[in-house]
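Numbering (the working numbering), first residue to last: 135 to 217. Glycine included, C-beta positions come from ideal geometry on N, C-alpha and C.
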Ligand code: SF4
Ligand code: SF4
């Protein structure tokens, strides 16, 4: 399994497995990602965002664009054949 960073763009036309990653060092605990994620991928814990269901991410990018600290990245996973 190999991951590629997708910085922006419309991801909804691709049906693949998406993974969300949070840089907790930069997180200010605003809770936007927790409030916006349709799949409840995040929880706030000790005033930091914590991924609890990263494998449920469907790549909607709501958290990515809403995060004021730009500490969220969304990746799309591909198999070894690049599919
Ligand atoms: S991209 Fe969408 S589904 Fe994925 S973690 Fe962010 S808000 Fe949730
Ligand atoms: S939106 Fe960004 S800064 Fe706010 S809680 Fe989520 S990861 Fe942290």
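If I measure Cβ to Cβ from residue i and keep anything under 7 Å in the same chain, skipping five residues before and after, which residues do I get?
i, result
"residue 164", "202"
"residue 187", "173, 174 and 175"
"residue 205", "156, 157, 160 and 161"
With a threshold of 7 Å, establish whether the CB of residue i neighbours any heavy atom of ligand 2.
i, result
"residue 121", "This structure cannot settle anything about residue 121, because the visible part of the chain is limited to 135 through 217."
"residue 166", "yes"
"residue 153", "no"
Smallest Cα separation from residue i: which of the options?
i, options, result
"residue 166", "195, 189, 211 and 152", "195"
"residue 159", "171, 151 and 180", "180"
Leaving out five residues before and five after residue i in sequence, what residues of the same chain have Cβ atoms less than 6 Å from its Cβ?
i, result
"residue 146", "Because the pLDDT of residue 146 is 47, which lies under 50, any placement of that residue in the model is unreliable, and the number read from its coordinates should be weighed accordingly. Closer than 6 Å at the Cβ level, and outside the excluded window around residue 146, lies no residue."
"residue 200", "166 and 170"
Does ligand 1 have even one heavy atom less than 7 Å from the beta-carbon of residue i?
i, result
"residue 193", "yes"
"residue 173", "yes"
"residue 208", "yes"
With a CB to CB cut of under 8 Å and the five nearest residues on each side skipped, what residues in its chain are close to residue i?
i, result
"residue 185", "154, 155, 156, 175 and 176"
"residue 178", "163, 165, 168 and 184"
Give a single yes or no on whether residue i has its beta carbon closer than 7 Å to a heavy atom of ligand 3.
i, result
"residue 178", "Questions concerning ligand 3 fall outside what the structure shown contains, since the ligands it does hold are ligand 1 and ligand 2."
Which runs of the beta strand (DSSP E) spanning at least 3 residues fall entirely within the stretch 154–185, listed in chain order? Annotation: the stretch 154–185 contains the following complete segments of the beta strand (DSSP E) (minimum length 3 residues), in chain order: 176–179 and 182–185.
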